[in-house]
Amino acid sequence: MFVHRNRKVAIIGAGSVGTAIAYACLIRGSAGVLALYDTNPKKVRAEVLDLNHGSQFVPHCTVTGSDQIDVTAGSAVVVVTAGAKQHPGQSRLELAATNVAMAQELTPQLLELSPNAVVVFVTNPVDVVTYAAARAVDAPTGRIFGSGTLLDSSRFRYLIAQRAQLAVGNVHGFIVGEHGDSEISLWSSVSIGGVPAAQYRADGEVVFDEATQTAISAAVVNAAYEIIEGKGATNLAIGLSTARIIEAVLGDQHRVLPISTVQHGAYEITDVALSLPTVVSAAGAGEVLQVPLAVPELLGLQASATTLREAQHSLGL
């Protein structure tokens, strides 16, 4: 017997990030229906038209949009990208007040229209915004989470693969903590073709010595700033990484992704949203996997949690 599965995805905000997510979903076949919501009616109509005009070349998907929030009703996944934009030189946490207020107001409306939806926040600073949204509603644990350090981890793997002269698919490793300046690179658990990073050699020489590790970690932290300075926003890679999250939810894939959730004791961290490897399924964010950490990594992660908790407190959260 055929069972209908809801594959509607709503995207809140039709700016550079929201439209990149929509485009990534369209070309990857991530969703059955895409609904864009933006307060600018001309902008959202233009983006919907532009996406639909390429429908011949992609897997079937119905794309609609409106400046009325009702267009999001009945979604399985709601992705929030709306909010104030990060400017060159501005940290993600400096964006906090405006975007936290938006999340607190918007989240109840979204869940009223889509009561069974998984809500994914991409709006920066994503950890603080995710915490505010989760606390603004009485939703089941894991139904609201943030894109977190999934993109950072992709940047991390790319830079490692580039240095090792291998395909990215051969590299496994995570960035955890804040999606921002205090994030932590988990070098102790990086695997390159099954070989720990510290043991990986080329022509008999260690490739990832301490200096190289430090340089790569710094490059990951600074990547967004360089892109924002050069083109005004990061959008293409976050579009792809968010599409990957959507696929994990709609496909009930139970995939381990470093996403931002409100923590309940992992690594003795509580009552703060930050990224750790987490099982993502149709129910949203599930079990947090506690990867073995080196002592400096654990201390760095806990310091990152403190940074985020202080940001939450400064906003009255």
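Residues 1 to 317 in full-length UniProt numbering are what the sequence shown lists, from first letter to last.
C-beta: ideal position from N, C-alpha, C; glycine also.
As computed with DSSP, Tyr225 is found in no beta bridge at all. Using a Cβ-Cβ distance cut-off of 8 Å, the region 295-304 and the region 200-211 are not in contact, since fewer than three pairs of beta carbons, one from each stretch, lie closer than that value.
Ser30 is positioned such that its CB atom lies closer than 8 Å to that of Ala243. By the Cβ criterion, the region 92-111 is in contact with the region 69-81, since at least three pairs of Cβ atoms, one from each stretch, lie closer than 8 Å. Between Thr130 and Glu183, the C-beta spacing is not below 8 Å. Annotation for Lys42: the continuous alpha helix (DSSP H) segment containing it runs 41-52. Classified as exposed, Val295 has fewer than 16 neighbouring CB atoms from the shown chains inside 10 Å of its CB. The C-beta separation of Asn99 from Asp67 comes to about 20 Å, leaving the pair out of contact by the 8 Å criterion. Contact between the region 126-144 and the region 254-262 is present, with at least three C-beta pairs closer than 8 Å.
Distance from the Cα of Ala101 is smallest, within the candidate group Val120, Arg135, Gln90, Ile69, for Arg135. For Thr64, the secondary structure class from DSSP, reduced to helix, strand or coil, is strand.
The bridge partners DSSP lists for Lys8 are Val33. Under a 10 Å Cβ-count criterion, Glu47 is classified as buried, with 16 or more other Cβ atoms of the shown protein chains found around its own Cβ.
Annotated three-state conformation of Ala248 is helix, per DSSP. The C-alpha of Val126 lies about 22 Å from the C-alpha of His254. Take Gly300, set aside five residues on each side of it, and the residues of its chain with a beta-carbon closer than 6 Å to its own are Ile184, in chain order. In the DSSP annotation of this structure, the continuous segment of the beta strand (DSSP E) that includes Pro258 starts and ends at 255-264. Judged by DSSP secondary structure, Val128 falls within the alpha helix (DSSP H) whose first and last residues are 126-136. In the DSSP annotation of this structure, the continuous segment of the beta strand (DSSP E) that includes Pro277 starts and ends at 270-281.
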